[in-house]
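Those letters in the sequence shown? Residues 706 to 800, per this note's numbering, in order. Idealized CB from N, CA, C, for every residue including glycine. Quick caveat: nothing in here was measured; it's all calculated off a predicted structure.
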Amino acid sequence: MLKKLHHKVVKKVKTDNEQGARRAVLEDLFYDFHRSRVQVYRMNFVRGLFFGFGSVLGGTVLIALLAWILSLFVTIPGIGDTAHQVQETIQAQKK
């Protein structure tokens with residue numbers, strides 16, 4: 706019983722030491738690259754702007770591609786009519 710408890714305590718201490726060492730290494734790496742919180746906030750803000758812009762741009766391209774693919778199947782009832790209307794609207798905007 707005492708041997709099991711000793712083994713459990715030793716294992717817990719070893720695990721805690723490893724986690725603490727990993728956390729310290731990560732904090733050192735983080736603070737080496739980013740000395741101030743203002744830099745971190747600025748970087749995350751710019752990252753968020755680019756992520757949002759990329760999401761909107763990607764969604765727009767995806768919807769346009771989907772509309773183009775659906776316009777190829779004009780003969781399918783329901784889908785074809787909607788796709789044909791979208792295609793006509795796009796062509797009317799170009800003129």
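Bounding residues of the alpha helix (DSSP H) (the contiguous stretch that carries residue i)
i, result
"Met748", "Arg742 to Ser776"
Cα-Cα separation, residue i to residue j
i, j, result
"Gln796", "Trp773", "12 angstroms"
"Ala729", "Asn722", "10 angstroms"
"Val791", "Gly764", "17 angstroms"
"Leu771", "Arg747", "36 angstroms"
"Phe735", "Val743", "14 angstroms"
Close Cβ partners of residue i (< 6 angstroms) along its chain, the five nearest in sequence each way excluded
i, result
"Asn749", "none"
Beta carbon proximity, residue i to chain C, threshold 8 angstroms
i, result
"Ala772", "Of the chains in the structure shown, none is chain C; there is only one protein chain."
Proximal residues to residue i (C-beta, below 7 angstroms), its chain only, five neighbours per side dropped
i, result
"Ser776", "Ala788, His789, Val791 and Gln792"
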